[in-house]
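Here's the structure, in C-alpha cells; my notes come after.
Numbering (my numbering), first residue to last: 17 to 360.
Written out as C-alpha cells, the structure reads:
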C-alpha cells in the first residue's frame, strides 16, 4: 500500500523555503521484493517520503525491517534476487528507477552517495586510500590525477584525518575503524552530492568514535548543504542529529514525525515500545521494557497491521486491513487505528 508523503520539517520548512516547496528527493510508493526458494520476501512495502535540501531524515527500526534495502533501492544497488518492482525515486526532478545502468553510473557518487555500515568491507583492501579517493574525482568531476590528489588531501583534512598527505599511500588496514569511516565520508562527499545516505555508519565503532562521526556528519551537512538520509536501529542516536524520524516495521513506515515530537508524543505502539526500551537520560533509573513477541516473517504479505500480534492495544479491526498513514497533527502521521491511546 502506498503511503502519503509529508512535507519536510526543519528550518527550511518552517521558513517556507525552497526545500519545503521543492524537495530534492521524492520517494513514492517504493516496493522492493526478493524472490527466494521459500517464497517472495516483501522487504519494502510502498513507502513514500520527501527530503528537502539541507534536511535530515532518519529511518529507524529493528534489524530486518527493510531499512538497508530501502537505502539500496534508492541507488539501484539491491542485490539479486531482489529488485524494485514499483514506485518512483525522483532526484532533482528525474526518476532514477527509469535509468539504464550507464545512467546509474553517472548518478551514484555525483548526485546521491552512500556511506555503508562497515568501512573495512566497503573499502577495497588492495588499493591505497589515495587511489580510491581520486577515482571518483577524475571520473565525475573531470580533474586531472594531480588535481584529484590535491583535492583528496583537502577532503581528508576536511573529515579530520591528521597527516592527510601521507595517508594517501596507506591501505585501509593501516587505519583505525574511525579513520576508515572518515575516509568513506570523504569519498561520499567528494563530488558534493545533493543527498547523502548513511547506512548505520557508526555501528562498528565504539561509543566515543560514534559521537565523533555523528558530529562530523552534522558539520559536513551544515557546510555543504546536503540532504541526509540516516539509517539506524538506534532511536537514541538520532535525537540530536535529524529533523524527522520515520519508524519502520516489517517493510512499512508506521510513524513519521519531527524528532522532538516523536520523543514527546509517540502515536504508534511500536514507537512507544522502542522508546521505553531506551535507558533514561542523565543517569535516570527506570525499568526498561522489551517488546514482547517476534517480528513477522516477510515471506507473508500482511493482511492487517503487521504489529498487531505484538501490540498491547490490538483490536479485531487491526487485523482486517493494513492501516494507512494518517496525519494526526501537522507533519506527524501514524499507521495505527488506536493512535489516541498510544503513549498514554
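Glycine included, C-beta positions come from ideal geometry on N, C-alpha and C.
What do you get for residue i, buried or exposed, if any count of 16 or more other CB atoms within 10 angstroms of its CB means buried?
| i | result |
| --- | --- |
| residue 182 | exposed |
| residue 16 | Because the chain in this structure spans residues 17 to 360, residue 16 falls outside the shown range and cannot be described. |
| residue 114 | exposed |
| residue 140 | exposed |
| residue 282 | buried |
| residue 223 | exposed |
| residue 32 | Confidence at residue 32 is low in this model, with a pLDDT of 38, below 50, so the placement of that residue should be treated as unreliable; the coordinate-derived value is given next. Burial call: exposed. |
| residue 68 | buried |
| residue 354 | buried |
| residue 345 | exposed |
| residue 117 | exposed |
| residue 331 | exposed |
| residue 278 | buried |
| residue 308 | exposed |
| residue 164 | buried |
| residue 127 | buried |
| residue 303 | exposed |
Grab me the residues of residue i's own chain with a C-beta within less than 6 Å of its C-beta, minus the 5 sequence neighbours each way, in chain order.
| i | result |
| --- | --- |
| residue 244 | 72, 212, 237 |
| residue 226 | 218 |
| residue 180 | 169, 172, 173 |
| residue 290 | 251 |
| residue 206 | 152, 153, 171 |
Checking the sheet assignment: what are the DSSP bridge partners for residue i?
| i | result |
| --- | --- |
| residue 264 | 269 |
| residue 42 | 66, 106 |
| residue 274 | 260 |
| residue 348 | 345 |
| residue 212 | 129, 244 |
| residue 47 | 61, 102 |
Look at residue i and residue j and say whether their C-beta atoms are less than 7 Å apart.
| i | j | result |
| --- | --- | --- |
| residue 133 | residue 78 | no |
| residue 57 | residue 315 | yes |
| residue 275 | residue 201 | no |
| residue 47 | residue 65 | no |
| residue 193 | residue 221 | yes |
| residue 336 | residue 320 | yes |
| residue 272 | residue 214 | no |
| residue 263 | residue 76 | yes |
| residue 256 | residue 59 | no |
| residue 74 | residue 261 | yes |
| residue 105 | residue 88 | no |
| residue 184 | residue 145 | yes |
| residue 329 | residue 295 | no |
| residue 229 | residue 83 | no |
| residue 338 | residue 325 | no |
Give me, in chain order, the residues of the same chain whose beta-carbon lies closer than 7 Å to that of residue i; leave out the 5 immediate sequence neighbours on both sides.
| i | result |
| --- | --- |
| residue 121 | none |
| residue 175 | 198, 201, 202, 232 |
| residue 362 | Summary: the structure shown does not reach residue 362, with the chain confined to residues 17 through 360, and so no result is reported for it. |
| residue 356 | none |
| residue 298 | Per-residue confidence for residue 298 stands at a pLDDT of 49, beneath the threshold of 50, marking its modelled position as unreliable; the derived number appears in the next sentence. Closer than 7 Å at the Cβ level, and outside the excluded window around residue 298, lies no residue. |
| residue 195 | 177 |
Just to confirm my understanding: we take residue i, look at its own chain, exclude 5 residues before and 5 after, and list those with CB closer than 8 Å. What are they?
| i | result |
| --- | --- |
| residue 97 | 50, 51, 52 |
| residue 81 | 264, 265, 266, 267, 311 |
Hey, which unbroken runs of the beta strand (DSSP E) at 3 residues or more fall wholly within the stretch 49-125? Runs of the beta strand (DSSP E) inside the stretch 49-125: 55-67, 72-76, 98-107.
Let me know the alpha helix (DSSP H) ranges lying completely inside the stretch 134-172, each 4 residues or longer, listed in chain order. Entirely contained in the stretch 134-172, the alpha helix (DSSP H) runs reaching 4 residues are, in chain order, 135-138, 145-157.
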